[in-house]
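Quick note, the numbering used here runs 3 ahead of the 1-based positions in the sequence shown.
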Amino acid sequence: MKLFENLYKSIGIDLGTTNFLVYLKGRGIVVDEPTLVAINNRTNQILAIGEEAKKMLDRTPAHVTLIKPLVNGVISDFEMTQEIIRHFLNKLGESNFLSRFRTAAVSIPTNLTEVERKSVEDAVISAGASKVILVEEPIAAAIGARLSIEEPSANMIVNIGGGTSEISIISIGGAVISKSLKVAGQRLNEDIIRFIKNEYKLLIGEPTAETLKISVGSALPVEEKLELNVRGRDVASGLPKEVIVRNPQVRAAMQRSLKSIADSIKGILEDAPPELVGDVLEKGIYLSGGGSLLREMDEYLAKEVQVEVKIVEDPLTCVVRGLGIIIEDLPRHETILSNQERPKLVNL
Ligand SMILES: Nc1ncnc2c1ncn2[C@@H]1O[C@H](COP(=O)(O)OP(=O)(O)OP(=O)(O)O)[C@@H](O)[C@H]1O
Ligand SMILES: [Mg+2]
Numbered sequence: 004m005k006l007f008e009n010l011y012k013s014i015g016i017d018l019g020t021t022n023f024l025v026y027l028k029g030r031g032i033v034v035d036e037p038t039l040v041a042i043n044n045r046t047n048q049i050l051a052i053g054e055e056a057k058k059m060l061d062r063t064p065a066h067v068t069l070i071k072p073l074v075n076g077v078i079s080d081f082e083m084t085q086e087i088i089r090h091f092l093n094k095l096g097e098s099n100f101l102s103r104f105r106t107a108a109v110s111i112p113t114n115l116t117e118v119e120r121k122s123v124e125d126a127v128i129s130a131g132a133s134k135v136i137l138v139e140e141p142i143a144a145a146i147g148a149r150l151s152i153e154e155p156s157a158n159m160i161v162n163i164g165g166g167t168s169e170i171s172i173i174s175i176g177g178a179v180i181s182k183s184l185k186v187a188g189q190r191l192n193e194d195i196i197r198f199i200k201n202e203y204k205l206l207i208g209e210p211t212a213e214t215l216k217i218s219v220g221s222a223l224p225v226e227e228k229l230e231l232n233v234r235g236r237d238v239a240s241g242l243p244k245e246v247i248v249r250n251p252q253v254r255a256a257m258q259r260s261l262k263s264i265a266d267s268i269k270g271i272l273e274d275a276p277p278e279l280v281g282d283v284l285e286k287g288i289y290l291s292g293g294g295s296l297l298r299e300m301d302e303y304l305a306k307e308v309q310v311e312v313k314i315v316e317d318p319l320t321c322v323v324r325g326l327g328i329i330i331e332d333l334p335r336h337e338t339i340l341s342n343q344e345r346p347k348l349v350n351l
């Protein structure tokens with residue numbers, strides 16, 4: 004039996020809008036790369052996938068197009084999504100005929116339609132898995148954060164990723180109330196691009212906006228003097244221009260989006276049954292996903308929502324570690340997984 008266990012490996016896949024992670028049973032996290040494909044648009048040939056493709060991001064020659072096959076957590080380019088999964092499974096050397104017996108636990112946003120869920124399933128199966136278990140992202144994040152979600156006491160988890168912010172209250176292994184918001188890390192980058200264009204008449208690309216967000220941005224005022232020389236193209240002349248962008252500007256650029264995340268958390272707390280809210284007030288709100296790493300994000304949300312906010316350990320890998328815990332012991336998590344099928348009390 005041991006032999007079969009080794010051959011028929013299970014995997015966990017966090018198919019994120021920004022980052023693609025794989026957990027291999029018995030091994031841990033084996034892939035952690037950007038969800039990106041670079042193609043030659045003259046020949047339609049794939050040039051690079053993941054980290055290799057990201058390296059092309061800044062200096063893309065005219066004939067190279069970078070594709071983000073997921074938009075707000077939903078597959079928008081089926082073929083390229085499949086290519087990414089296949090590429091990384093091949094690299095693991097696990098994509099032979101035996102691997103078809105493998106179970107894949109895959110995280111998905113909470114509000115997917117049947118068709119969207121099916122397309123995730125199909126993409127993973129056609130890339131080499133035989134059975135797919137879909138796990139809602141907040142559930143995977145809660146398990147990854149080692150919250151005791153099987154107990155009849157509620158936990159609130161907010162996963163701020165690249166494409167979506169998932170807000171959920173979980174109890175007895177299932178999401179009782181949840182909301183998926185299309186405001187997350189990528190939206191913050193877009194906010195920064197728009198702000199720099201309006202305020203400085205300067206055009207910048209997404210990589211620059213991302214650098215500004217991470218190295219200069221914060222959700223609340225900070226004492227440190229954070230600033231960055233930013234290069235872009237002048238809107239009017241089309242010529243290169245350099246400006247200094249400081250923390251208050253980046254903060255102002257992101258303010259509306261941050262407020263909408265805080266307001267949605269408040270909305271969920273207002274709509275949730277009072278006894279669940281009591282549990283959340285007692286334990287605080289858990290924050291996961293890359294967006295939780297924005298400076299002062301936890302303090303900002305705590306101030307807005309008036310509830311303590313805690314960032315989980317290693318928020319970028321929390322979801323895939325949760326999927327890992329599930330596949331390491333599938334029978335133990337069967338109840339949790341079947342709980343996801345049950346009708347929800349409220350699904351905003
Ligand atoms: N230090 C940081 N400060 C602010 N944002 C950060 C930081 N580090 C990462 N991020 C942001 O986190 C986002 C990626 O997070 P994550 O990997 O959790 O998303 P994802 O799982 O790919 O997306 P989704 O779950 O929405 O499909 C990116 O938008 C990135 O800019
Ligand atoms: Mg995610």
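We put the CB at the ideal spot given by N, CA and C, even for glycine.
Supposed contact pair residue j and residue i - C-beta distance, whole angstroms, cut 8 Å
{"i": "Ile111", "j": "Ile70", "result": "That belief does not hold up - the Cβ atoms of Ile111 and Ile70 are roughly 20 Å apart, past 8 Å."}
{"i": "Gly220", "j": "Arg254", "result": "7 Å"}
{"i": "Leu326", "j": "Ala108", "result": "4 Å"}
{"i": "Ile329", "j": "Ile146", "result": "6 Å"}
{"i": "Ile2", "j": "Ile172", "result": "Lying before the first or after the last residue shown, residue 2 is absent from the chain, which here runs from 4 to 351."}
Proximity test, residue i beta-carbon vs ligand 2 heavy atom, cut-off 7 Å
{"i": "Asp35", "result": "no"}
{"i": "Asp17", "result": "yes"}
{"i": "Asn162", "result": "yes"}
{"i": "Val74", "result": "no"}
{"i": "Val127", "result": "no"}
{"i": "Glu154", "result": "no"}
Identified DSSP bridge partners for residue i
{"i": "Val77", "result": "Val74"}
{"i": "Pro372", "result": "It is not possible to answer for residue 372, since the shown part of the chain is limited to 4 through 351."}
{"i": "Leu261", "result": "Looking at the DSSP assignment, Leu261 forms no beta bridge with any residue, so it has no partner."}
{"i": "Leu290", "result": "Val161, Ile314"}
{"i": "Phe23", "result": "Leu18, Glu36"}
{"i": "Lys182", "result": "Ile170"}
{"i": "Ala41", "result": "Ala51, Leu69"}
{"i": "Ile111", "result": "Glu139"}
{"i": "Gly31", "result": "Leu27"}
When the options are compared against residue i, the one with the closest alpha-carbon
{"i": "Asn93", "options": "Ala143, Leu27, Ile152, Lys58", "result": "Leu27"}
{"i": "Arg259", "options": "Ile87, Glu213, Tyr303, Gly293", "result": "Tyr303"}
{"i": "Thr46", "options": "Leu296, Ile14, Gly15, Val67", "result": "Val67"}
{"i": "Glu176", "options": "Arg190, Ile170, Glu154", "result": "The question names Glu, but residue 176 is Gly in the sequence shown. It is Glu154."}
{"i": "His90", "options": "Ile328, His336, Asp35, Leu272", "result": "Asp35"}
{"i": "Leu191", "options": "Ser181, Gly208, Ala178, Ile152", "result": "Gly208"}
{"i": "Leu296", "options": "Val312, Asn114, Val308, Val238", "result": "Val312"}
{"i": "Gly292", "options": "Ser13, Thr20, Gly15", "result": "Thr20"}
{"i": "Glu285", "options": "Gly53, Ala275, Met159, Val123", "result": "Met159"}
{"i": "Leu184", "options": "Gly241, Thr113, Ala132, Arg234", "result": "Thr113"}
{"i": "Ile16", "options": "Ile87, Gly287, Leu60", "result": "Ile87"}
{"i": "Glu82", "options": "Leu39, Lys58, Asn75", "result": "Leu39"}
heavy atom of ligand 1 below 7 Å from residue i C-beta
{"i": "Thr113", "result": "no"}
{"i": "Asn250", "result": "no"}
Decide if the segment 223-243 is in contact with the segment 264-283; the criterion is three or more beta carbon pairs, one per stretch, under 8 Å apart.
no
At a cut of 8 Å, does the segment 161-169 reach the segment 208-226 through at least three beta carbon pairs?
no
Say whether the segment 139-152 touches the segment 188-199, bearing in mind that this needs 3 or more beta-carbon pairs closer than 8 Å, one atom from each stretch.
no
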